[in-house]
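Enquirer: Just dropping this structure here.
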Amino acid sequence: MTITEKILAAHAGKDHVKPGDLLQADVDMALANDITAPLAIKVFEEIGRDDVFDREKIALVPDHFVPNKDIPSAHQAKMMREFAGKYGIKNYFEVGQMGVEHVILPEKGLVIPGDLVIGADSHTCTYGALGAFATGVGSTDMGVIMATGKVWLKTPPTIKVIFEGELQPWVCGKDLILYLMGVLGVEGANYCAIEFTGPVIKKLTMDQRMTMANMAIECGAKNGIFEADEITLDYVKERSSRRPVVVKADPDAAYERVVHIDAAKIKPQVAFPHSPDNVRPASEGRDVKLDQVFIGSCTNGRLEDLRIAAGLLKGKSVAKGIRLIVLPGSPLIYKQAIKEGIIDAFLDAGATIGPPSCGPCLGGHLGILADGERCASTSNRNFIGRMGDPRSEVYLVSPAVAAASAVLGRIATPDEI
Amino acid sequence: MNIEGKVWKFGDNIDTDVIIPARFLNVSDKKIMAANAFSDLRPDFAKGVRSGDVIVGGNNFGCGSSREHAPLAIKEAGISVIIAKSFARIFYRNSFNIGLPILESREAVESADEGDQIYADLVTGEIINRTKDKRFTAKPIPDFMRDVIQAGGLVEYIKKEKQS
Numbered sequence: 000m001t002i003t004e005k006i007l008a009a010h011a012g013k014d015h016v017k018p019g020d021l022l023q024a025d026v027d028m029a030l031a032n033d034i035t036a037p038l039a040i041k042v043f044e045e046i047g048r049d050d051v052f053d054r055e056k057i058a059l060v061p062d063h064f065v066p067n068k069d070i071p072s073a074h075q076a077k078m079m080r081e082f083a084g085k086y087g088i089k090n091y092f093e094v095g096q097m098g099v100e101h102v103i104l105p106e107k108g109l110v111i112p113g114d115l116v117i118g119a120d121s122h123t124c125t126y127g128a129l130g131a132f133a134t135g136v137g138s139t140d141m142g143v144i145m146a147t148g149k150v151w152l153k154t155p156p157t158i159k160v161i162f163e164g165e166l167q168p169w170v171c172g173k174d175l176i177l178y179l180m181g182v183l184g185v186e187g188a189n190y191c192a193i194e195f196t197g198p199v200i201k202k203l204t205m206d207q208r209m210t211m212a213n214m215a216i217e218c219g220a221k222n223g224i225f226e227a228d229e230i231t232l233d234y235v236k237e238r239s240s241r242r243p244v245v246v247k248a249d250p251d252a253a254y255e256r257v258v259h260i261d262a263a264k265i266k267p268q269v270a271f272p273h274s275p276d277n278v279r280p281a282s283e284g285r286d287v288k289l290d291q292v293f294i295g296s297c298t299n300g301r302l303e304d305l306r307i308a309a310g311l312l313k314g315k316s317v318a319k320g321i322r323l324i325v326l327p328g329s330p331l332i333y334k335q336a337i338k339e340g341i342i343d344a345f346l347d348a349g350a351t352i353g354p355p356s357c358g359p360c361l362g363g364h365l366g367i368l369a370d371g372e373r374c375a376s377t378s379n380r381n382f383i384g385r386m387g388d389p390r391s392e393v394y395l396v397s398p399a400v401a402a403a404s405a406v407l408g409r410i411a412t413p414d415e416i
Numbered sequence: 000m001n002i003e004g005k006v007w008k009f010g011d012n013i014d015t016d017v018i019i020p021a022r023f024l025n026v027s028d029k030k031i032m033a034a035n036a037f038s039d040l041r042p043d044f045a046k047g048v049r050s051g052d053v054i055v056g057g058n059n060f061g062c063g064s065s066r067e068h069a070p071l072a073i074k075e076a077g078i079s080v081i082i083a084k085s086f087a088r089i090f091y092r093n094s095f096n097i098g099l100p101i102l103e104s105r106e107a108v109e110s111a112d113e114g115d116q117i118y119a120d121l122v123t124g125e126i127i128n129r130t131k132d133k134r135f136t137a138k139p140i141p142d143f144m145r146d147v148i149q150a151g152g153l154v155e156y157i158k159k160e161k162q163s
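Taken in order, these protein sequences are the chains called Z and A.
According to numbering that gives the first Met the number 0, the stretch in the first sequence is residues 0 to 416, in order.
According to numbering that gives the first Met the number 0, the stretch in the second sequence is residues 0 to 163, in order.
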């Protein structure tokens, strides 16, 4: 069996599963945010159970429109807060503790290798980076899970992607996943699991692995997964007292496809509007003049991302007319970024720093685009109207390309500065 | 369960951001969701759609976010069924859960044009394009999904399971 099949089997009380098998699985952690939780709460109430299945296995993170951006958002956040209070939800994160949900959960040790995590957010697949099975669902599924602790899942076939070769300078996890988007396409992994493997992957830090797993959904995948190793276990042992279950694929595991990627050929990438698979080398974007650069989100709002961007910006200035917006992914990352001088470097370069939040990534707040405006963003989606006006444009890039682009006022590669 | 209605034709990779942009996600009121469905892509949709109308889409319909607001907005707008070449995973699941019928048929999509009159039997998967006088059969849905539909959605299914 593959890693995904083994985790699903273990959570469904079965010795063996195969692609297509329909399972009822136990959920280790259920997650919702301020957009999806209100609908899930209505469903939970409609089911009519007296209590949630386990108050320690539910995480509620207000992060999309919080700190409340308007009155309707304030009502949604209030509904979530009151639900968390009523049922004693242990992992509810109030403003001050909250950050981007997919940054917060691993940071707090709420996901460990071998777990099965279901979230009412499509980027729940981020936790595959920890060797967990993690996938996104909608609010009705989440309401049912909060009541029962169980979820129906169809076992997905697995696509194995092997990254080989030495990485070129400035190439990071974001470039690898953008490049893979170009290879697979936006529905190239529909209903499948993606197993990320190969010598390149073994050397990647947890932050970079999370960036890659985060965008598995962008190829239509159910989940993206990495085999847990020493790097994973080092990350987890500082954060959780639970015992990780390291799951490895069998040597004879059956894969739907095996994709070999020569990572040595990959240059810094950019996804042009309006699709994450519309990928080209960033060097082909030199004519794209920008109005805004966003560094943050569940894809690239982690400490290493901020370090890379600040390292490039140090001693330089953001180009005239460019708004550089930086949202650290969590309070802890924000604090560490202050300690390391990262925030100073951003401010000195002319950036503005906002609170940990999803912010402009989904066109919520803190940096909405006007018609005709262009933004280079470290986030994961560049659909029409994603960050604001339907006539605005979003270019998806790594933190390094974002920083270089902010300095030159156009899509730029790090070696240009 | 049979439906009949006029076609609204869409292309490939219709994502949840164009079905319902995030600026309308600050409410849980289905009527507000429906009033803003496809507002950036098809500003004529919300006003022009009639109860029973049919959406015909290409590949990967509903890709992107997990927002259940997307199928809810479409259902509340009066759409009786979505027929597409293929659906994105979370959208597919959400549609069943909230009781919005969806059918997969590459051939039915390819033959359908904006404004065509379509009949569909949601149980057998039979699709008839009355304008073109052509018949198709949609891909069968998994038995479990059929049980959920017959129960009237996932909430009703869970309630019944609890009683049994």
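Note that CB positions come from ideal geometry on N, CA and C, so glycine has one too.
Name the chain Z residues whose beta carbon is nearer than 7 Å to that of residue 17 of chain A?
Expert: Contacts between residue 17 of chain A and chain Z, judged by CB atoms closer than 7 Å, involve 382, 383, 384 in chain order.
Enquirer: Which two residues bound the contiguous alpha helix (DSSP H) that contains residue 118 of chain A?
Expert: Where residue 118 of chain A is concerned, there is no enclosing alpha helix (DSSP H), although the beta strand (DSSP E) it sits in stretches over 116-120.
Enquirer: Once DSSP output is grouped into helix, strand and coil, what is the label at residue 32 of chain Z?
Expert: strand
Enquirer: Using the beta-carbon count (16 or more within 10 Å), is residue 50 of chain A buried or exposed?
Expert: exposed
Enquirer: Pair every Cβ in the region 74-82 of chain A with every Cβ in the region 367-387 of chain Z, then say whether three or more of these pairs are closer than 8 Å.
Expert: no
Enquirer: Return helix, strand or coil for residue 143 of chain A, following the three-state DSSP convention.
Expert: helix
Enquirer: Per DSSP, which one or two residues make a beta bridge with residue 14 of chain A?
Expert: A:62
Enquirer: In the DSSP assignment, find the unbroken alpha helix (DSSP H) run with residue 20 of chain A in it and report its ends.
Expert: Looking at the DSSP string, residue 20 of chain A is not in any alpha helix (DSSP H), and its letter there is neither H nor E.
Enquirer: What ranges does the alpha helix (DSSP H) occupy inside the region 320-388 of chain Z, keeping only unbroken runs of at least 4 residues that lie completely in it?
Expert: 330-338, 341-348
Enquirer: Starting from residue 21 of chain Z, trace the beta strand (DSSP E) both ways and give me its first and last residue.
Expert: 21-25
Enquirer: Checking 8 Å against the spacing of the C-beta atoms, do residue 224 of chain Z and residue 188 of chain Z come in under that value?
Expert: no
Enquirer: At a cut of 8 Å, does the region 286-293 of chain Z reach the region 311-329 of chain Z through at least three beta carbon pairs?
Expert: yes
Enquirer: Provide the residue(s) that pair with residue 166 of chain A in DSSP beta bridges, ordered along the chain.
Expert: Only positions 0 to 163 of chain A appear in this structure, which leaves residue 166 of chain A out of reach.
Enquirer: Out of Z:377, Z:228, Z:90, Z:358, which has the shortest C-alpha to C-alpha gap to residue 246 of chain Z?
Expert: Nearest option by C-alpha distance: Z:228.
Enquirer: When burial is assigned at 16 or more other CB atoms within 10 Å of the CB, is residue 75 of chain Z buried or exposed?
Expert: buried
Enquirer: Less than 8 Å separating the beta-carbons of residue 122 of chain Z and residue 379 of chain Z?
Expert: yes
Enquirer: How big is the Cα-Cα spacing for residue 16 of chain Z and residue 25 of chain Z?
Expert: 15 Å
Enquirer: Hey, is residue 101 of chain A close to the ligand SAH, as in C-beta under 7 Å from one of its heavy atoms?
Expert: This structure lacks the ligand SAH; in fact it carries no ligand of any kind.
Enquirer: Note down the Cα distance separating residue 354 of chain Z from residue 327 of chain Z, rounded to an integer number of angstroms.
Expert: 7 Å
Enquirer: Along chain A, which residues have their Cβ under 9 Å away from the Cβ of residue 41 of chain Z?
Expert: The contacting residues are 27.
Enquirer: Note down, in chain order, every chain Z residue with its Cβ under 8 Å from the Cβ of residue 143 of chain A.
Expert: 21, 151
Enquirer: Reducing DSSP to helix, strand and coil, say where residue 261 of chain Z ends up.
Expert: strand
Enquirer: Under 8 Å: do the region 392-408 of chain Z and the region 38-47 of chain A share three or more Cβ pairs, one atom per stretch?
Expert: no
Enquirer: Near residue 106 of chain A, what residues of its chain come up, given a Cβ to Cβ distance below 8 Å and the 5 sequence neighbours on each side ignored?
Expert: Excluding residues within five positions, the ones whose Cβ falls inside 8 Å are 135.
Enquirer: On the premise that residue 213 of chain Z lies in contact with residue 101 of chain Z, defined as a C-beta separation below 8 Å, what is that separation, rounded to the nearest angstrom?
Expert: 7 Å
Enquirer: Spell out a yes or no on whether the region 169-182 of chain Z and the region 143-163 of chain A are touching, meaning 3 or more CB-CB pairs, one atom from each, closer than 8 Å.
Expert: no
Enquirer: Taking the straight line between their C-alpha atoms, what separation do you get for residue 263 of chain Z and residue 164 of chain Z?
Expert: 5 Å
Enquirer: Are residue 66 of chain A and residue 57 of chain Z touching if we call contact CB-CB under 8 Å?
Expert: no
Enquirer: Could you tell me which of A:138, A:70, A:91, A:119 sits nearest to residue 103 of chain A, measuring between CA atoms?
Expert: Checking every option, the nearest Cα to that of residue 103 of chain A belongs to A:138.
Enquirer: Which two residues bound the contiguous alpha helix (DSSP H) that contains residue 1 of chain Z?
Expert: First-last for residue 1 of chain Z: undefined, no H or E at that position.
Enquirer: Comparing C-alpha positions only, which one of Z:104, Z:79, Z:65 sits nearest to residue 95 of chain Z?
Expert: Z:65
Enquirer: Ignore the nearest five residues each way along the sequence and tell me which others in residue 95 of chain A's own chain have a CB closer than 7 Å to its CB.
Expert: 144, 147, 148
Enquirer: Can you give me, in chain order, the residues of the region 275-300 of chain Z that have a beta carbon less than 7 Å from any beta carbon in chain A?
Expert: Those residues of the region 275-300 of chain Z that come within reach of chain A (Cβ to Cβ, closer than 7 Å) do not exist; the list is empty.
Enquirer: Tell me where the alpha helix (DSSP H) around residue 31 of chain A begins and ends.
Expert: 29-34
Enquirer: Please determine, among Z:300, Z:10, Z:336, the residue with the shortest C-alpha to C-alpha distance to residue 209 of chain Z.
Expert: Z:300
Enquirer: Tell me whether residue 90 of chain A sits in a helix, a strand or coil according to DSSP, three-state version.
Expert: DSSP places residue 90 of chain A in helix when its eight states are reduced to three.
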